[in-house]
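Have a look at the structure below before the remarks.
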Amino acid sequence: MAEERFFLYDDTEKSETRFVSFMGTNTRFDLAIVKTGKHYGKSLILDMQGSRFAIIGEDDLDEEGYLEHAYNLTEEDAQELREFLYETL
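Written as structure tokens, this is what we have:
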């Protein structure tokens, strides 16, 4: 007999998703930006080429090295993504 599954949460909610692709100096960014009420005003940013994602708000953009680590980017590529996300978020 299978054990009963214990859920921490199991929610369904509407979301707004924006798909955007742009070319930086060295790399192409193919992103899905998902906005919901779930993450306290932050957005789920999926890098579809690199198979990475992070929950990001403006405060995270100000954190040194955050985008470099989350998306495995060079400083230059992370700065281009950061500038785009400042405009978007």
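Residue numbers (our numbering): 33 to 121.
Think of the CB as a built atom: it goes at the ideal place given N, C-alpha and C, for glycine as much as any other residue.
Should residue i go down as buried or exposed, given a rule of 16 or more other Cβ atoms within 10 Å for buried?
i     : result
Phe61 : buried
Determine the DSSP secondary structure at residue i, reduced to helix, strand or coil.
i      : result
Glu48  : strand
Phe116 : helix
Glu90  : helix
Can you tell which of the options has the C-alpha that lies nearest to the C-alpha of residue i?
i     : options                           : result
Asn58 : Phe116, Glu119, Glu115 and Ala110 : Ala110
Ile87 : Ile65, Glu36, Val52 and Phe38     : Ile65
Gly89 : Ser53, Thr68, Glu108 and Gln81    : Thr68
Leu78 : Lys70, Thr49 and Glu36            : Thr49
Per DSSP, residue i is paired with what?
i     : result
Asp62 : Ser53
Lys67 : Glu48 and Ser75
Phe85 : Leu78
Original post:
Would the region 70–85 and the region 98–108 be scored as touching if the rule is three or more Cβ pairs under 8 Å?
Top reply: yes
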